[in-house]
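Peer 1: Next up is a structure, given as structure tokens.
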Amino acid sequence: MPSDFEIKKQICEIGKRIYDKGFIAANDGNISVQISPNEYLCTPTGVSKGFMTPDMICKVDANGAVLQAKGGYRPSSEIKMHLRVYKERPDVKSVVHAHPPYATSYAIVGTPLTEPIMPEAIIILGCVPIAEYGTPSTDEIPNAVAKYLQHYDAVLLENHGALTYAGDLLSAYHKMESLEFYAKLLFISSQIGKPQQLDKQKVTRLYELRKEMGLPGKHPADICARVNSAGGCSCHSLNGTAAAAPYTTSDSQPYTPETVEAVVRKVLASYKQ
Ligand SMILES: [Zn+2]
């Protein structure tokens with residue numbers, strides 16, 4: 020386990036990445052990492068996440084009580100949303116919240132990201148729902164997000180932004196990057212033509228491969244099928260057999276871009292057969 024200081028440095032590094040990539044403006048966004056059963060390091064409020072130093076990072080407990088905050092820095096008021104994720108998802112050790120412009124635009128027009136247009140997004144994210152609007156810093160956002168936590172690893176926040184979470188900080192950040200890239204591709208492709216969706220069979224195969232690889236986290240493959248049978252969701256629908264078994268993954272294989280690439284290569288090769 021890296022030291023608190025090492026994790027604080029990582030939080031600063033990821034803050035710089037989300038700022039440099041334009042996923043946040045001014046002092047927006049927040050990042051947290053669980054370091055023990057009742058201790059969480061989190062970014063301070065009122066500070067650009069692109070220019071943080073380790074001494075600015077705060078520590079809170081599972082109820083949000085401040086355990087450490089130096090130099091007048093205070094934890095983000097959005098820490099409630101992060102703590103709710105940890106409470107509902109014991110497999111999650113890091114949460115990232117940002118306002119990436121393409122993904123957030125979909126959250127503003129009220130369109131969930133549910134079009135299966137590329138293998139990587141299907142494997143890593145599946146569908147990405149929109150949690151109902153809530154006033155920042157109240158319990159409204161945690162309550163809205165809670166509904167989706169058992170089946171999704173990325174959630175859009177209505178008229179607000181995006182939330183991603185994973186077993187470690189880099190994976191939570193990668194999910195945010197993948198989410199924004201997927202939203203950007205969907206937007207650009209819809210400007211130059213009609214995005215062609217992968218058919219049900221190909222999507223089902225991608226979900227099966229994800230399962231075979233034992234990639235960690237939850238994934239909406241199962242719920243998409245159930246919602247779809249109720250007529251509410253047109254995304255990634257699976258046939259009855261694929262949906263029958265509860266969708267679970269083990270933590271035996273950590274998520275890395277390499278493992279996803281390997282899965283995608285396999286899938287692309289299978290298309291050629
Ligand atoms: Zn926000």
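Numbering (the numbering used here), first residue to last: 20 to 292.
Ideal placement from N, C-alpha and C gives every residue a C-beta, glycine not left out.
By the three-class DSSP mapping on this structure, what secondary structure does Asn49 have?
Peer 2: For this step, residue 49 is matched to residue 30 along the sequence shown. Asn49: strand per DSSP, three-state reduction.
Peer 1: Can you look up Lys99 in the DSSP assignment and give me helix, strand or coil?
Peer 2: In the sequence shown, counting from the first residue as 1, residue 99 sits at position 80. Looking at Lys99 - three-state DSSP - the assignment turns out to be helix.
Peer 1: What are the boundary residues of the alpha helix (DSSP H) that Val66 is part of?
Peer 2: In the sequence shown, the residue the question calls residue 66 occupies position 47. Element bounds for Val66: n/a, residue is neither H nor E.
Peer 1: In this structure, does DSSP put Val164 in helix, strand or coil?
Peer 2: Residue numbering aside, residue 164 sits at position 145 when the sequence shown is read from its first letter. Three-state DSSP puts Val164 in a helix.
Peer 1: Going along the chain, which residues of its own chain have a beta-carbon closer than 8 Å to the beta-carbon of Arg93, five neighbours each way excluded?
Peer 2: As a working note, residue 93 is residue 74 in the sequence shown. Closer than 8 Å at the Cβ level, and outside the excluded window around Arg93, lie Pro63, Thr64, Gly65, Cys77, Val85.
Peer 1: Which of helix, strand or coil does DSSP assign to Glu177?
Peer 2: Within the sequence shown, the letter at position 158 stands for residue 177. Residue state, collapsed to three classes: coil.
Peer 1: Please tell me whether Ala191 and Ser96 are closer than 7 Å, where the distance is taken between their beta carbons.
Peer 2: Translated into the one-based positions of the sequence shown, residue 191 becomes position 172. Translated into the one-based positions of the sequence shown, residue 96 becomes position 77. No, the Cβ-Cβ distance between Ala191 and Ser96 is not below 7 Å.
Peer 1: Let me check you understand the geometry: is the CB of Gly180 closer than 6 Å to at least one non-hydrogen atom of ligand 2?
Peer 2: In terms of ligand content, the structure shown lacks ligand 2 and carries ligand 1 instead.
Peer 1: Among the candidates Val115, Gly145, Ala45, whose CA atom is the shortest distance from the CA of Gln29?
Peer 2: As a first step, residue 29 is located in the sequence shown; it is residue number 10 there, counting from the start. Nearest of Val115, Gly145, Ala45 to Gln29, Cα basis: Val115.
Peer 1: Among Leu176, Asn178, His179, Glu196, which one has its Cα closest to the Cα of Ala185?
Peer 2: Indexing the sequence shown from 1 puts residue 185 at position 166. Closest by alpha carbon: Glu196.
Peer 1: Express the C-alpha separation of Tyr171 and Pro239 in angstroms, rounding to a whole number.
Peer 2: For the purposes of this step, residue 239 is taken as residue 220 along the sequence shown, with counting starting at 1. For the purposes of this step, residue 171 is taken as residue 152 along the sequence shown, with counting starting at 1. For Pro239 and Tyr171, the distance between alpha carbons rounds to 5 Å.
Peer 1: Keeping to the same chain, check which residues put their C-beta closer than 7 Å to that of Ile43; ignore five residues upstream and five downstream.
Peer 2: As a position in the sequence shown, residue 43 is number 24, starting the count at 1. Counting only Cβ-Cβ distances below 7 Å, and skipping sequence neighbours, we find Ile37, Lys68, Ala117, His118.
Peer 1: Comparing alpha-carbon positions, which option in Val79, Lys213, Leu198, Pro135 lies nearest Gln220?
Peer 2: Here the question's residue 220 lines up with position 201 in the sequence shown. Of the candidates Val79, Lys213, Leu198, Pro135, the one whose C-alpha sits nearest the C-alpha of Gln220 is Pro135.
Peer 1: Determine whether the beta carbon atoms of Pro148 and Tyr167 lie at a separation below 7 Å.
Peer 2: Numbered from its first residue, the sequence shown carries residue 148 at position 129. Numbered from its first residue, the sequence shown carries residue 167 at position 148. Yes, Cβ-Cβ distance for Pro148 and Tyr167 is below 7 Å.
Peer 1: Any contact between the stretch 197-217 and the stretch 151-164? By contact I mean 3 or more CB pairs, one from each, below 8 Å.
Peer 2: No, because fewer than three Cβ pairs between the stretch 197-217 and the stretch 151-164 fall closer than 8 Å, the two stretches do not touch.
Peer 1: Per DSSP, what are the beta-bridge partners of Cys294 in this structure?
Peer 2: Lying outside 20 to 292, the shown extent of the chain, residue 294 is not represented and no answer is given.
Peer 1: Between which two residues does the alpha helix (DSSP H) holding Gln210 run?
Peer 2: Here residue 210 refers to the residue found at position 191 of the sequence shown. Its alpha helix (DSSP H) spans residues 188-211.
Peer 1: Considering only residues of the same chain and omitting the five flanking positions on each side of Phe24, which have a CB-CB separation below 8 Å?
Peer 2: To locate residue 24, count along the sequence shown from 1; it is residue 5. Only Pro73 meet the Cβ criterion.
Peer 1: Between which two residues does the beta strand (DSSP E) harbouring Ser113 extend?
Peer 2: Working through the sequence shown from its first residue, we reach residue 113 at position 94. Ser113 -> beta strand (DSSP E) spans 113-117.
Peer 1: Taking the continuous beta strand (DSSP E) assigned at Val85, which residues delimit it?
Peer 2: Here residue 85 is taken as the residue at index 66 of the sequence shown, counted from 1. Run containing Val85: 85-87, per the beta strand (DSSP E) assignment.
Peer 1: Please identify the residue among Glu177, Ile143, Met137 whose C-alpha is closest to the C-alpha of Ala126.
Peer 2: Reading the sequence shown from its first residue, position 107 is the one you call residue 126. Ranking Glu177, Ile143, Met137 by Cα distance to Ala126 puts Glu177 first.
Peer 1: Exposed or buried, what is Ser209 when buried is set at 16 or more other beta-carbons lying within 10 Å of its beta-carbon?
Peer 2: Position 190 of the sequence shown, counting from 1, holds the residue named residue 209. Under this definition Ser209 is an exposed residue.
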